Amino acid sequence: MERSGTGARLIIVCGLPSSGKTTLAKALESRLRAVRFCPDEWMDALSLHLYDEERRGKIEALQWKFARELLALGLTVIIEWGTWGRSERDALRLGARALGAAVELHYLSAPADVLFERIQRRGLEKPPIERDALSRWFETFQEPTPEEMALFDKPLIADLTSS
Ligand SMILES: Nc1ncnc2c1ncn2[C@@H]1O[C@H](COP(=O)(O)OP(=O)(O)O)[C@@H](O)[C@H]1O
Ligand SMILES: [Mg+2]
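Start counting the sequence shown at 2; every next residue gets the next number (our numbering).
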């Protein structure tokens, strides 16, 4: 059976590009004094191409290694990788629980047209993400079901506009 600890907490922020993961993760980071792991920021700092999936995978593996070390120390960690697949989210949840940590899942979504408009306005990816690619990604993305959400702990901060 999965078990939640008291201090250590993993917060997973999940969603497609421009769904608002980094925006939410930064707000939670400062409110909860957490350590935030964003692959895009590391890739940018290392002058890597944001579409380099092989190196992105290696960076995420490295971030997960550090994240587990921090969780073992009883800290709060935020992972904002996108986590498009259920199996990826399962692995994070079970890995964190094995360390005695609580685990939250925050899922962000918006219609494709809204995401596409934000992607263009933000101008982070070069070349920009194409509309067709975004439509395909909607098919690939495994939206968390209520049954999956129920496997996670109650968020410490569910609504940033409150309190
Ligand atoms: N809830 C929101 N409503 C409107 N715009 C948002 C919202 N969240 C984020 N944005 C804007 O959308 C863009 C993408 O947000 P970001 O947090 O970088 O997304 P992600 O990290 O998921 O790619 C940014 O320009 C951000 O200011
Ligand atoms: Mg981001």
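All residues carry an ideal CB built from backbone N, CA and C; glycine is no exception. Since the structure is predicted, the reported quantities are computational estimates derived from the model, not experimental observations.
Just to confirm, are residue i and residue j a CB contact at a threshold of 8 Å?
| i | j | result |
| --- | --- | --- |
| Pro18 | Trp82 | no |
| Pro156 | Glu105 | yes |
| Leu79 | Ile158 | Sequence check: residue 79 is Ile here, not Leu. Not in contact: Ile79 and Ile158 (Cβ atoms no closer than 8 Å). |
| Arg32 | Thr77 | no |
| Ala92 | Arg10 | no |
| Leu109 | Ser20 | yes |
| Arg69 | Gly96 | yes |
Which residues bound the alpha helix (DSSP H) around residue i?
| i | result |
| --- | --- |
| Glu89 | 87-99 |
| Glu105 | Careful: Glu105 lies outside any alpha helix (DSSP H), inside the beta strand (DSSP E) at 103-108. |
What whole-angstrom Cβ distance do residue i and residue j have, given they're in contact under 8 Å?
| i | j | result |
| --- | --- | --- |
| Phe153 | Arg94 | 7 Å |
| Leu72 | Leu100 | 5 Å |
Please report the straight-line C-alpha distance between residue i and residue j, rounded to a whole angstrom.
| i | j | result |
| --- | --- | --- |
| Asp14 | Lys22 | For the sequence presented, residue 14 should be read as Val rather than Asp. Their Cα atoms are separated by approximately 6 Å. |
| Met2 | Glu54 | Confidence in Met2 is poor, its pLDDT being 40 and thus under 50, which makes the residue's placement too unreliable to answer from. |
| Ala111 | Thr84 | 16 Å |
| Leu161 | Arg56 | 33 Å |
| Glu149 | Glu118 | 29 Å |
| Pro129 | Arg37 | 25 Å |
Run the proximity test for residue i: is its beta-carbon closer than 7 Å to any non-hydrogen atom belonging to ligand 3?
| i | result |
| --- | --- |
| Thr77 | In terms of ligand content, the structure shown lacks ligand 3 and carries ligand 1 and ligand 2 instead. |
Over the uninterrupted beta strand (DSSP E) stretch that includes residue i, give me the two end residues.
| i | result |
| --- | --- |
| Gly83 | 77-83 |
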